[in-house]
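What follows is one structure encoded as structure tokens, with my remarks underneath.
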């Protein structure tokens, strides 16, 4: 009977609660089960992990394997637990040292060849790992986003074999870096001709930090003006930029574009959007 632990992070909104991946090897017929409220993509990890370990020239244990994702009452989504599950199995089988996993968190999906693939919501996980004082291992596609947490220790690996070699002490992994120092681009308010009252309203709202509501018929210039508001706002602070980047990271619109770092977000609603669609609605109980 052997037990190993690996560490990862779930995704719940803009937070990244800790998840402990517990792997237990026991005698009996070869099988693998994943428990701890896994969705379908997490349950399918057993097939990806088996192939990835085989392609990494390591032996997948022919034993009864139970993987528990704790806490058990927290739903687990996506392929982000593939890498910690694989490392937990290898540690339980004695392929890598368990002690090396204690100070490491990892988030990545595994390809059948052992390649590490990016997942969404990595920036909140990087901030949470930084707060816990642990290293975070991510795929190359997540490196620039995770590196926005400037004080975090983020390492990048291309394959499962590289991660195992690092944990054995045979090689080191490169640190992640972010190219996020380029000046953000905004449409220029000087491009607008006319609309003197609306332009003056934008300037007052930007200077005083006021709310702004643009109304008018379709095509009168509301979106044109609103798109130029971020260009006259002061640059976002580090904390504000991290909050915006964390929201973009979990938005489901793809991975965060680091060239938009410190760029204040802008979304143009359709002219037919109702007040409820813009500000929310529904009943309230007090």
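Residue numbers (the numbering used here): 165 to 450. From the three backbone atoms N, C-alpha and C, an ideal C-beta is built for every residue, glycine too. Here the structure is a predicted model, which is why all the values come from computation and not from measurement.
#1: Could you check which residue in 250, 267 and 397 has the C-alpha nearest to that of residue 259?
#2: Less than 7 Å between CB atoms is the rule here; does residue 375 satisfy it with respect to chain C?
#3: Starting from the N-terminal side, write out each stretch of the alpha helix (DSSP H) that is 4 residues or longer and does not extend beyond the region 297 to 334.
#4: Return yes when the Cβ of residue 262 is within less than 7 Å of the Cβ of residue 168, no when it is not.
#5: Once DSSP output is grouped into helix, strand and coil, what is the label at residue 182?
#6: Have a look at residue 193 and residue 228 and give me their C-alpha separation to the nearest angstrom.
#7: Does DSSP put residue 396 in a helix, a strand or coil?
#8: Using the three-state DSSP reduction, which class does residue 260 fall into: helix, strand or coil?
#9: Give the secondary structure of residue 202 by DSSP, where H, G and I count as helix, E and B as strand, and everything else as coil.
#10: Measure the CB-CB distance between residue 246 and residue 298 and report whether it falls below 7 Å.
#11: Rounded to a whole number of angstroms, what is the C-alpha to C-alpha distance between residue 200 and residue 241?
#12: For residue 361, which of helix, strand or coil comes out of DSSP?
#13: What are the uninterrupted segments assigned as alpha helix (DSSP H) that are 4 or more residues long and contained completely in the region 215 to 261, given in chain order?
#14: For residue 177, I'd like the list of residues in its chain whose CB is within less than 6 Å of its CB, leaving aside the five on either flank, ordered along the chain.
#15: In chain order, what residues of the same chain lie with their CB nearer than 8 Å to the CB of residue 252, ignoring the 5 residues before and after it?
#16: The alpha helix (DSSP H) spanning residue 412 covers which residue range?
#17: So, for residue 210: in the same chain, excluding its five sequence neighbours on each side, which residues have a beta-carbon less than 7 Å away from its beta-carbon?
#18: Give the C-beta separation of residue 238 and residue 413 to the nearest angstrom, bearing in mind that I take them to be a contact with Cβ-Cβ under 8 Å.
#19: Which of the three DSSP states, helix, strand or coil, is assigned to residue 283?
#20: Note down the Cα distance separating residue 452 from residue 206, rounded to an integer number of angstroms.
#21: Only counting the same chain, and skipping five residues up and downstream in sequence, which positions put a Cβ closer than 8 Å to that of residue 326?
#22: Keeping to the same chain, check which residues put their C-beta closer than 7 Å to that of residue 426; ignore five residues upstream and five downstream.
#23: Which residues bound the alpha helix (DSSP H) around residue 389?
#24: Measure from the alpha carbon of residue 393 to the alpha carbon of each residue in 314, 408 and 362, then state which is nearest.
#25: Check whether the Cβ atoms of residue 429 and residue 391 lie closer than 7 Å to each other.
#26: Might you give, ordered along the chain, the residues of its own chain that have their beta carbon closer than 6 Å to the beta carbon of residue 328, omitting 5 neighbours on each side?
#27: Got a sec? Which residues, its chain only, sit under 6 Å from residue 448 by beta carbon, not counting five neighbours each side?
#28: Could you tell me the alpha carbon to alpha carbon distance between residue 322 and residue 283, rounded to whole angstroms?
#29: Compute the Euclidean distance between the alpha carbons of residue 373 and residue 280, then round it to the nearest angstrom.
#30: Nearest by alpha-carbon distance to residue 290: which of 320, 274 and 277 is it?
Let me lay it out:
#1: Taking the chain shown and counting its residues from 1, the one referred to as residue 259 is at position 95. For the residues 250, 267 and 397, the minimum Cα distance to residue 259 belongs to 250.
#2: Any reference to chain C falls outside this structure, which holds one protein chain only.
#3: 307 to 310 and 324 to 332
#4: Translated into positions along the chain shown, residue 168 becomes position 4. Translated into positions along the chain shown, residue 262 becomes position 98. Result yes, Cβ atoms of residue 168 and residue 262 sit closer than 7 Å.
#5: The residue labelled residue 182 in the question sits at position 18 within the chain shown. It is a strand residue.
#6: Your numbering for residue 193 matches position 29 in the chain shown. Your numbering for residue 228 matches position 64 in the chain shown. Roughly 6 Å separates the two Cα atoms.
#7: If you number the chain shown from 1, residue 396 lands on position 232. Looking at residue 396 - three-state DSSP - the assignment turns out to be helix.
#8: Taking the chain shown and counting its residues from 1, one reaches residue 260 at position 96. Here residue 260 sits in coil by DSSP.
#9: On the chain shown, position 38 is the one that residue 202 refers to. In this structure, residue 202 counts as strand in the three-state DSSP scheme.
#10: Here residue 246 refers to the residue found at position 82 when the chain shown is read from its first residue. Here residue 298 refers to the residue found at position 134 when the chain shown is read from its first residue. Not closer than 7 Å, so no.
#11: The sequence position of residue 200 within the chain shown is 36, counting from 1. The sequence position of residue 241 within the chain shown is 77, counting from 1. C-alpha separation (whole angstroms): 11 Å.
#12: Translated into the one-based positions of the chain shown, residue 361 becomes position 197. Three-state result, residue 361: helix.
#13: 246 to 256
#14: By one-based count along the chain shown, residue 177 stands at place 13. Closer than 6 Å at the Cβ level, and outside the excluded window around residue 177, lies no residue.
#15: For the purposes of this step, residue 252 is taken as residue 88 along the chain shown, with counting starting at 1. Here the set comprises 168, 169, 170, 185, 186, 187, 231 and 265.
#16: Within the chain shown, numbered from 1, the residue matching residue 412 stands at position 248. Looking at the DSSP string, the run of the alpha helix (DSSP H) that includes residue 412 is 402 to 413.
#17: Here the question's residue 210 lines up with position 46 in the chain shown. Cβ neighbours of residue 210 beyond the five flanking positions: 196 and 198.
#18: As a working mapping, residue 238 is identified with position 74 in the chain shown. As a working mapping, residue 413 is identified with position 249 in the chain shown. Not a contact, Cβ separation roughly 19 Å.
#19: Residue mapping note: residue 283 aligns to position 119 of the chain shown, counting from 1. Coil.
#20: The structure shown has nothing for residue 452, since the chain only spans 165 to 450.
#21: For the purposes of this step, residue 326 is identified with residue 162 of the chain shown, where counting begins at 1. The residues are 335 and 337.
#22: The residue given as residue 426 occupies position 262 in the chain shown. The answer, listed in chain order, is 348, 399, 400 and 405.
#23: Counted from its first residue, the chain shown places residue 389 at position 225. Residues 386 to 390.
#24: Mapped onto the chain shown, residue 393 falls at position 229. Out of 314, 408 and 362, 362 has the C-alpha closest to the C-alpha of residue 393.
#25: Walking along the chain shown from the start, residue 429 turns up at place 265. Walking along the chain shown from the start, residue 391 turns up at place 227. In this structure, residue 391 does not lie closer than 7 Å to residue 429 by Cβ.
#26: Indexing the chain shown from 1 puts residue 328 at position 164. Closer than 6 Å at Cβ, skipping near neighbours: 260.
#27: Start at 1 with the first residue of the chain shown, and residue 448 comes out as number 284. Bear in mind that the predicted position of residue 448 carries a pLDDT of just 46, short of 50, making it too unreliable to give a figure here.
#28: As a first step, residue 322 is located in the chain shown; it is residue number 158 there, counting from the start. As a first step, residue 283 is located in the chain shown; it is residue number 119 there, counting from the start. The alpha-carbon atoms of residue 322 and residue 283 are separated by roughly 14 Å.
#29: As a working mapping, residue 373 is identified with position 209 in the chain shown. As a working mapping, residue 280 is identified with position 116 in the chain shown. When rounded, the distance between both Cα atoms is 43 Å.
#30: The count along the chain shown starts at 1 and reaches residue 290 at position 126. For residue 290, the nearest C-alpha among the options comes from 320.
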